[in-house]
Amino acid sequence: MWKRLLALIGGFSILAAFIMWFCPLTWYNNTPGVSMTGPLNYHFVRDISLSYLVSGLALIWGARTYNKSVCIFGSSWLCLHALFHVWIWFHRGMSFDAIALTNLIGIQLPAFIAMISSLELSKSEEKP
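Below, the structure written as structure tokens:
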């Protein structure tokens with residue numbers, strides 16, 4: 297089960313990376329709250345996409361090889377990014393709006409599920 301979750305979140309991260317890399321304006325205009333952070337900065341968006349790409353690849357590789365350390369590495373940036381968005385939410389007054397829901401579903405839950413899955417991954421899941 298953990299392996300599948302890691303692969304799914306890894307795939308989600310890679311998809312996010314490709315959207316940010318190849319369609320940064322679309323991502324900027326359609327992700328709730330992003331345009332509120334200031335004008336579109338293509339360089340910054342593509343930097344973020346590379347972080348998502350590395351995290352996604354690490355999660356998939358770690359899950360495939362049952363390498364807990366690689367999975368924890370892949371989850372680390374996602375979790376730090378998620379915690380940063382929790383901090384932003386507190387500073388926004390903890391409002392429950394489209395931005396908070398998007399952050400919860402698209403950033404925080406995948407990140408924390410990936411870290412829990414990474415910590416729980418073991419060879420015992422491997423099929424004989």
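FYI, the numbering used here numbers position 87 of the sequence shown as 383, with every residue one higher than the one before it. Positions of the beta carbon are idealized from the N, C-alpha and C atoms, including for glycine. These numbers were taken from a predicted model, which means no experiment stands behind them.
Nearest-angstrom beta carbon gap, residue j and residue i [assumed within contact, 8 Å]
i    : j    : result
V366 : W357 : 6 Å
A313 : Y348 : 4 Å
A378 : F340 : The Cβ separation is near 18 Å, so there is no contact.
A394 : P320 : Not quite, the Cβ-Cβ distance comes to about 20 Å (not below 8 Å), so this is no contact.
Within 8 Å, strictly: CB atoms of residue i and residue j
i    : j    : result
R342 : W323 : no
N399 : H381 : yes
A396 : W383 : no
Same chain only: Cβ atoms within 6 Å of residue i, ignoring 5 sequence neighbours per side
i    : result
A359 : K299, L302, A303
S371 : A410, M411, S414
Own chain, CB closer than 7 Å to residue i, minus 5 neighbours either side, in chain order
i    : result
P406 : I305, F308, L374
S331 : Y324, N325
Closest Cα partner of residue i within the set the options
i    : options                : result
G352 : I310, P335, Y362, T361 : I310
L376 : N363, M390, Q404       : Q404
Spatial neighbours of residue i in its chain, beta-carbon cut-off 8 Å, leaving aside the 5 residues before and after
i    : result
E416 : W298
L336 : P320, L321, Y324
Y338 : P320
I344 : M316
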